[in-house]
Amino acid sequence: MQITSPQFKENARIALTDVGLQKALGNVKNGFPQKRANAVKRLPEFDQLRDQGRDLKNHIIANLDIYLEEFEANVIKNGGHVHWCRTSEDARQTILKICQDKGAKTVTKGKSMVTEEINLNEYLEANGITPVETDLGEYILQLRGEHPSHIIAPAIHLNLEDVSETFHAHHHKPKSMDPAVLMQEAREELRARFVAADVGITGANFLVAETGSSIIVTNEGNGDLTQTLPKTHIVVTSIEKVVPTLEDMTLFLRLLARSATGQEFTVYNTLSTGPKRPEDQDGPEDYHVVLVDNGRSDMVGGELQEMLRCIRCAACMNHCPVYGSIGGHSYGWVYPGPMGSVLTPQMIGIEKAALLPNASTFCGKCESVCPVHIPLPKLMRHWRKNEFERHLTPKAARWGIKTWAFFAKRPTLYRLLSQTSNRMLRLLGGKKGRIHKLPVVSGWTDHREMPAPSSKTFMQQWNEKQKAGH
Amino acid sequence: MSKADILNTIRRGLGRGLPSDAERQQVLARITRHERNLIPMRGQGSESEVQALFIEMAKEAAAEVIELPSLQALPGAVREWLQTANIPDLVMASDEELKSLDWTELHPIVQHERVALAGDLASLTLAFMGIAETGTLMLYSRKESPTTLNFLPDNHLVVLKRQDIVGVYEEAWARVRALSPGQLPRTVNMITGPSRSADIEQRLQMGAHGPRALTIFLIG
Chain V
7 MQITSPQFKE NARIALTDVG LQKALGNVKN GFPQKRANAV KRLPEFDQLR
57 DQGRDLKNHI IANLDIYLEE FEANVIKNGG HVHWCRTSED ARQTILKICQ
107 DKGAKTVTKG KSMVTEEINL NEYLEANGIT PVETDLGEYI LQLRGEHPSH
157 IIAPAIHLNL EDVSETFHAH HHKPKSMDPA VLMQEAREEL RARFVAADVG
207 ITGANFLVAE TGSSIIVTNE GNGDLTQTLP KTHIVVTSIE KVVPTLEDMT
257 LFLRLLARSA TGQEFTVYNT LSTGPKRPED QDGPEDYHVV LVDNGRSDMV
307 GGELQEMLRC IRCAACMNHC PVYGSIGGHS YGWVYPGPMG SVLTPQMIGI
357 EKAALLPNAS TFCGKCESVC PVHIPLPKLM RHWRKNEFER HLTPKAARWG
407 IKTWAFFAKR PTLYRLLSQT SNRMLRLLGG KKGRIHKLPV VSGWTDHREM
457 PAPSSKTFMQ QWNEKQKAGH
Chain F
21 MSKADILNTI RRGLGRGLPS DAERQQVLAR ITRHERNLIP MRGQGSESEV
71 QALFIEMAKE AAAEVIELPS LQALPGAVRE WLQTANIPDL VMASDEELKS
121 LDWTELHPIV QHERVALAGD LASLTLAFMG IAETGTLMLY SRKESPTTLN
171 FLPDNHLVVL KRQDIVGVYE EAWARVRALS PGQLPRTVNM ITGPSRSADI
221 EQRLQMGAHG PRALTIFLIG
């Protein structure tokens, strides 16, 4: 997909005036946070589970090589194959080769953000293989030629009218505004595709080292039809998804659904272990796991290591005021919201993605709802620092920060300046104490009034209170 | 190439080289211990509490629960359900426990033992376990019970014996491991209610790609 992260500001400006998008984003703000809060309230141990989840992920990362090799050994023992891919290009070629070896013409796909990350669909199409997205949201987007705007609710940026029009144009059926009817249409359209596909590609929410299994978590059942009906099942996933045991997987499953959709448990949690057994009547004859690195191993031992704990629940974006205002596409690549603002610079380069970690109010809500306590604001700050050190910050901003630093290091001068500007602002504020127009900060005053400061600066008040003996 | 590259990068990041056999064994001991993490209290009640919780949670997830006194009552109850839904055919798993029942009572409904095909309206399978904490069914693939039966038909009828209800997932894992030591079945399904999607405007609709209805016949 085309990267538009460098145009983040322009993207955001357009998004803010997009009436349809703003209406659709209401479905994020009014839905997910409340559902999550209700689910958390019902499980008194939730916060203890989060602490354990964080600690277990840290243990896994500290032994990632060992668990990955154990996982591989057990996949092979069960008759499956593991492919290690350092880059997106490695992964695309590996997957294409498996498909070509099977003479595949069509491939059904369960929902997978890693296949978005490696741009798999375009690559398969360019090589004469038709990918068919089967998750309802992903299917809608494929018909529209769009990419997901959210990692668990891919079509959240669309309204019912959009889906209705898209289906009407593609399904050649009477136009309907009933979501139940629209879903039924998708079900009927995809049924034959499920059965006809030569290869099924799914992601994995976790990989279990103990058993060599992959697990997918879905509400629709599309992932299960994708991994059961075709002769070949390819799991495309990333290296940080491995967990030691079924018990450890269970800890994360208890956190995942509640953090993501606010469900007690997702409808289908399915473990796949190797290809079908000789006596089985259905299931794939081949089972491949494509392990994608794509910059993740470089995060081990570095300042971004904690990001490897992420279980892709989307709670951070669901609670983010910035995501809620501009939607996922504004971020300009695969992963939006706070987790995307940390991951994207790592994967496409800080020079292209520098605006993302700056698009945060640092309100800290993302960190407070993260099921594995990832300090997202701290990690975004890492990128801001990196950006500044590499002189990627725009000149005006660099000049501003440097000027501020000059005064901040000279307290007497700083206080003098703040007292003077304080007085000026109060004059501008007049009797009402509201400022309507102010040069340089028109970004603020164009949209709302600025309150005039109080009559005394913080330092003046502090000194007076000290003298009064408080 | 890629494998060595990835593993070496990880090790460099961790500030250590190839782990020794002893170090490896020490880490992998976690796997042999099957160490349990914190288990919520909710699923840890008495036998009757756990059974009541299973029913409550399964219903909350939009499953239908029909309680039957014994397996012998199953064929009649299944016929009644299918006739009410106006479904003339049933695809069934062929587990001995199911086959040994008197299925002449199913008449006039036609019974098939095969994998599921697109267009099948109803299937009947035997659950391995029920997990009370979220009202979840556990099923697994085997010769007698192909996985397509759990996903392709419009209606999934599942038989669950009351004594197979456990409180928490961990108890189910212990039982799955005992099935065939060292290897899980190809597919282990945990199913909580019927298929659904909220991908259009976050408005929940039932019956996305999997079964539109999940009916549990709870025996005993």
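Protein chains in written order, with this note's numbering: chain V, 7 to 476; chain F, 21 to 240.
Here a beta-carbon is modelled for each residue, glycine too, at the ideal position from N, C-alpha and C.
A check of alpha carbon separations from ASN133 of chain V across V:GLY151, V:ILE104, V:GLU395, V:ARG150 identifies V:ILE104 as the nearest. In the DSSP assignment, the residues bridged to ILE441 of chain V are V:MET456. Taking the CA atoms as reference points, ALA72 of chain F sits about 23 Å from LEU58 of chain F. Straight-line measurement puts the Cα of GLN222 of chain F at about 20 Å from the Cα of LYS181 of chain V. Residues are counted here when their Cβ sits less than 9 Å from a Cβ of chain F; for the segment 105-134 of chain V the count is zero.
In this structure, the beta-carbon distance from LEU142 of chain V to ALA30 of chain V does not fall below 8 Å. Beyond the five residues adjoining it in sequence on each side, MET465 of chain V comes within less than 6 Å, by CB distance, of ARG421 in the same chain, given in chain order. With contact defined as three or more Cβ pairs closer than 8 Å, the segment 206-225 of chain F and the segment 80-93 of chain F are in contact. Nearest CB-CB separation between PRO95 of chain F and chain V: not below the 8 Å threshold. Fewer than three pairs of CB atoms, one per stretch, sit closer than 8 Å, so the segment 218-232 of chain V makes no contact with the segment 326-341 of chain V. Residue environment: HIS239 of chain V is assigned as buried (16 or more neighbouring CB atoms within 10 Å of its CB, all protein chains considered).
The beta carbon of SER161 of chain F falls within 8 Å of a beta carbon belonging to chain V, placing the residue at that interface. Counted as a single uninterrupted DSSP element, the stretch harbouring GLN28 of chain V is not any beta strand (DSSP E) but the alpha helix (DSSP H) occupying residues 25-35. With fewer than 16 other Cβ atoms from the protein chains shown falling within 10 Å of its own Cβ, GLN183 of chain F counts as exposed.
LYS282 of chain V reaches chain F at ARG206, counting residues in chain order whose Cβ is nearer than 7 Å.
The Cβ-Cβ distance between ASN84 of chain V and THR279 of chain V falls below 8 Å.
Every unbroken stretch of the beta strand (DSSP E) spanning 3 or more residues and falling wholly within the segment 257-345 of chain V is given here in chain order: 274-278, 292-298.
Contact of ASN106 of chain F with chain V is not assigned, every C-beta pair being separated by 8 Å or more.
With a cutoff of 8 Å on beta-carbon distance, GLY301 of chain V and LEU34 of chain F are scored as not near each other. Among the CB atoms of chain V, none fall inside 8 Å of the CB of ARG182 of chain F. In summary, GLN352 of chain V is buried, with 16 or more beta-carbon neighbours lying within 10 Å of its beta-carbon over all protein chains present. The C-alpha of ILE72 of chain V lies about 22 Å from the C-alpha of GLU309 of chain V. Within the segment 209-222 of chain F, the residues whose Cβ lies closer than 8 Å to any Cβ of chain V are, in chain order, ASN209, MET210, ILE211, THR212, GLY213, PRO214, SER215, ARG216, SER217, ALA218, ASP219, ILE220, GLU221, GLN222.
The beta-carbon of HIS54 of chain F is placed less than 8 Å from the nearest beta-carbon of chain V. Among the residues of chain F, those whose CB is under 9 Å from the CB of GLY37 of chain V are ALA218, GLN222, following chain order.
Residues of the segment 214-226 of chain V that bring their beta carbon within less than 8 Å of a beta carbon in chain F comprise ALA215, GLU216, THR217, SER219, ASN225, GLU226, in sequence order. The DSSP assignment places complete alpha helix (DSSP H) segments of no fewer than 4 residues inside the segment 81-146 of chain F at 94-104, 116-119, in order along the chain.
For GLY206 of chain V, the enclosing beta strand (DSSP E) starts and ends at 205-208.
Chain F has no Cβ within less than 8 Å of the Cβ of VAL81 of chain V. With respect to ALA458 of chain V, LEU431 of chain V sits close: the two C-beta atoms are nearer than 8 Å. Per DSSP, the unbroken beta strand (DSSP E) holding ALA233 of chain F starts and ends at 233-239. Interface residue (Cβ-Cβ distance to chain V less than 8 Å): THR168 of chain F is classified as such. For a Cβ distance threshold of 8 Å, residue set ASN57, TYR189, GLU190, TRP193 of chain F lies close to THR256 of chain V, ordered along the chain.
Shown here, ILE124 of chain V sits in coil according to DSSP, grouped into three states, outside any helix or strand. Closer than 8 Å to the CB of GLU171 of chain V there is not a single CB belonging to chain F. Counted as a single uninterrupted DSSP element, the stretch harbouring ASN80 of chain V is not any beta strand (DSSP E) but the alpha helix (DSSP H) occupying residues 70-83.
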